[in-house]
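Here is the structure we will look at, set down as structure tokens.
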Amino acid sequence: MWDYTDKVKDYFFNPVNAGVLEHANAVGEVGAISCGDALKLMMRVNPETEVIEAAKFQTFGCGSAIASSSALTEIILGKTLEEALKISNQDIADFLGGLPPEKMHCSVMGYEALQAAVADYRGVEWRDDHEEGALVCKCFGVDEGMIERAVRANKLTTPEQITNYTKAGGGCLTCFEGIEAVLGRVNEEMVAEGLISFDEAYRIGAMDARTLRQKARPKGAEPAKVEPKPIIALADIERAAAGTIVLERPVEAPAAMAASATRLTTVQKVRLIEKTLDEIRPYLKLDGGDCELIDVDGNNVVVKLSGACVGCQQASMTVNGVQEKLIAATGLPLRVIPVK
Amino acid sequence: MTTPVYLDNNATTRCDEAVVEAMLPFFTEQFGNPSSMHAFGARVGGAVKTARAQLQALLGTEFDHEIVFTAGGTESDNMAILSALEIDPGRDEIIISAVEHPAVLSLCGHLEKTRGVKVHVIPVDGRGLLDIAAYRAALSQKTAIASIMWANNETGTIFPVAELAELAKEVGALFHTDAVQAAGKVPIDLKSTVIDMLSLSGHKLHGPKGIGALYVRRGTRFRSLIKGGHQERGRRAGTENTPGIVGLGKAAELAALHMADEKTRVAALRDRLEKGLLQRIPNAFVTGNPDERLPNTSNIAFEYVEGEGILLLMNREGIAASSGSACTSGSLEPSHVLRAMNIPYTAAHGAIRFSFSRDNGEADVDRVLEVMPGIIEKLRALSPFWQGADKAPATFNPVYA
Ligand SMILES: Cc1ncc(COP(=O)(O)O)c(C=O)c1O
Ligand code: FES
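Chains G and W supply the protein sequences, listed in that same order.
Note that my numbering has the first sequence beginning at -16, numbered continuously upward.
Note that my numbering has the second sequence beginning at 6, numbered continuously upward.
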């Protein structure tokens, strides 16, 4: 369960100003059912004084979305439009005694609905206020303008915060680079304007998309483009470890492998492999088999097993055994592939 | 003060008193290490052997030594898949369903990224049934292992694992099943199948948490995941969690005794709840496959409302269940299971899982039927999409969608 403040719970369990407002003259709708939350803010604005005389909401969404919406109506009631426009999403969160970081987007939704309602009243297309309306995150329909506003208003400096505040990046994550680009640009501008320090600003590439919290998805979870900077090729080490039936050098092994991997030339590597195979061969012959080196392609060692090894139940045991010996002898994350 | 109603037994169950009682001596006087030569160890070793036999009985295995004790369902799943990848380098592909538990899904995602293992994810249809044609097509000489769950934890949908295992055998691949939700709820007789490996977890069958087992068919080649001592015949190193093992054994024995109750009384409770809710609440439907389902599970989608709100209001009434909604999990998208089944977003966000156990009674059903209609009505009144029963949702013109 979320760690909601008592005030959030109170506004969720007993929301004020819920329902349809008759004769509303300012309506803002944001979100969509597919995104998991949506808010319709309805206000009655006095045309003479521009004071918000009534406000109601309808919300589809989680507890904090409903609480934020209800809180928003309370905050704006009696304010002029000018005053209301000064309200930030943080003001909504503060009013509720804070929101869990992952739920900040609920307060942003309130803020956005208010902006949209005021624009509706004034008869302007709110979206037009922002030149750069390019859609950044398709999963949650978040455009550049919304990300920029959230970054500026809340001094955001990491992609993860952007997901928490706007939901962008909370799905397939293919928009990660887009999010990074907006964040990098806006942070740079903010540094120039003295809003944040140079050290705080986000540098593009500083974060690996993988570290963003996400649900398990085996396929296409991340864009292929976002490559982590490999220090040691993790895949190779894991592959080597996988081939090791009995780990003789348990802990130090991967580090040693990676180190020597960078030192050997291809010729040296092939020689070393041949030499090791020569050493193993007598043992294979004891069982009536043999093993011939066909090719070395990167860390793949292609071998031909012959004699008693072929087709025998233990063929793959033999392959594993050979692989293990080769790894032990060369310190390389080798993978032995038998061919017919 | 009303008594709390616990309908979240697929998340975890209450540990049975008899299980706790069986475990207690193994924290104190029966503290010996089962590997030791002396009498202290021997007595505990005997208890571990009894537990193995109790699991053998629940799962209908041919030999008791086919049971390997682990630290739970997740570890068992990881062990099975990682072992399969090690035993034959010519086989480096995995086949799983789109609705597996994260214990399988995220491991496979990781293997795909880091080891370049090819993972075939077999889709399911709207009722959660596996696409058998796609499964057949994915099987090949390169398949190291097919891992398909016995029953899904969110919808209770049961997969034809015995048949799926036969198909896997045809290409010489190993077959593993995550039976964490099925074990103890439906009859299992492994010796009459060709299933190679099966995972189960103690805390889903009124046993303790942090203990589980992996069945490994005799003769199945196996590489241990955790290296160390020779415990569990070298298949799972580390001094045994003896209290946990004893508890799991007892829980398995009790589950076998209660299996009939689960199939009849518990299933009837579930059915009454389901029918009652659908009668009382418009725009609601059952997800998954009602014909082939765990007897204890019902997953109902309520349209135009969001699951977290439902759970918070239920919780205030003392009722515990869970939801496939995004908000409750900290993720922003609804559950991968409901998405794989193509449940429309209008409903997936409002899906609630009710999962019963032998601890539940008629009063629990009455209580939920009493409060649920009000809860859904309250939230629908707040929803900008709700227009009334069986009406199309309100049009919504967001400035951004
Ligand atoms: C289908 C399934 N598999 C695996 C697990 C994980 O089991 P454990 O919690 O014992 O690691 C669960 C439990 O959440 C489950 O429902
Ligand atoms: S496009 Fe942004 S999360 Fe999918």
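No residue lacks a Cβ here, since even glycine has one placed at the ideal position from N, Cα and C.
Small disclaimer: the values here were computed from a predicted structure and weren't measured.
Note on the segment 330 to 394 of chain W: whole beta strand (DSSP E) runs with a minimum of 3 residues are 356 to 360, in chain order. Boundaries of the beta strand (DSSP E) around G:P321: R318 to V322. Taking one beta carbon from each stretch, the segment 119 to 131 of chain W and the segment 56 to 72 of chain W have fewer than 3 pairs nearer than 8 Å; the two do not touch.
Given a length threshold of 4 residues, each whole run of the alpha helix (DSSP H) inside the segment 149 to 220 of chain W is given here in chain order: 166 to 175.
Put simply, the CB of G:K287 is far from chain W, with every gap to its CB atoms at 9 Å or more. A residue is called buried once 16 or more other Cβ atoms fall within 10 Å of its Cβ, and G:S180, having fewer, is exposed. If you check the C-beta of G:T32 against ligand 1, you find no heavy atom less than 8 Å away. If you compare the alpha carbons of W:N14, W:T7, W:E375 and W:G393 with that of W:G212, the shortest gap goes to W:N14.
Annotated three-state conformation of W:Y11 is strand, per DSSP. Look at G:K258: its C-beta is not under 9 Å from any C-beta on chain W. In the structure shown, the three-state DSSP call for W:C20 is coil.
Per DSSP, the beta bridge partners of W:E98 are W:K123 and W:T148. Taking 9 Å as the cut-off, the Cβ atoms of W:A256 and W:N304 do not count as close.
If you look at G:N72, you'll find it isn't in any beta strand (DSSP E); it sits in the alpha helix (DSSP H) that goes N72 to F78. Within its own chain, the residues whose Cβ lies closer than 8 Å to the Cβ of G:N147, once the five positions on either side in sequence are excluded, are P84, E85, K86, M87 and H88, listed in chain order. Less than 9 Å divides the Cβ of W:R358 from the Cβ of W:E159. At a cut-off of 8 Å, the beta-carbon of W:G217 counts as near ligand 1: some heavy atom of the ligand is closer than that. The beta-carbon of W:S388 is placed less than 9 Å from the nearest beta-carbon of chain G.
The segment -2 to 16 of chain G and the segment 26 to 41 of chain G touch, with three or more beta-carbon pairs separated by less than 8 Å.
Using a Cβ-Cβ cut-off of 9 Å, W:E171 does not count as an interface residue toward chain G, since no Cβ of chain G sits closer than that to its own. G:I75 sits close to G:Y94, with the two beta carbons spaced by under 9 Å. Residue range L118 to C120 is occupied by the beta strand (DSSP E) that includes G:C120. Contacts with chain W (Cβ-Cβ distance below 9 Å) from the segment 19 to 48 of chain G involve G19, D20, A21, L22, K23, F40, Q41, T42, F43, G44, C45, G46, S47 and A48, listed in chain order. Relative to ligand 1, G:D182 has its C-beta separated by 8 Å or more from all heavy atoms. Assigned with DSSP and collapsed to three states, G:E172 falls in helix.
Between W:L144 and W:A103, the CB-CB gap reaches or exceeds 9 Å. Taking CB atoms only, W:L205 has no neighbour in chain G less than 9 Å away. Residues of the same chain with a CB within less than 6 Å of the CB of G:K287, apart from the 5 flanking positions on each side, are E275, I277 and V322 in chain order. Linking W:R372 to W:R270 through their CA atoms gives a straight-line distance of about 17 Å. Here W:I100 is near W:I127, since their CB atoms are less than 9 Å apart. In this structure, W:Q186 has its CB closer than 8 Å to one or more heavy atoms of ligand 1. Taking 7 Å as the Cβ-Cβ cut-off, the segment 152 to 167 of chain G approaches chain W at G153 and G154, given in chain order.
A Cβ-Cβ distance of about 5 Å is found for the pair G:V319 and G:V284, placing them in contact under the 8 Å criterion. Not one heavy atom of ligand 1 is found less than 8 Å from the C-beta of G:N0. The Cβ atoms of W:L318 and G:F(-4) sit closer than 9 Å to each other. By the rule that beta-carbons nearer than 9 Å mark a contact, G:A1 touches chain W.
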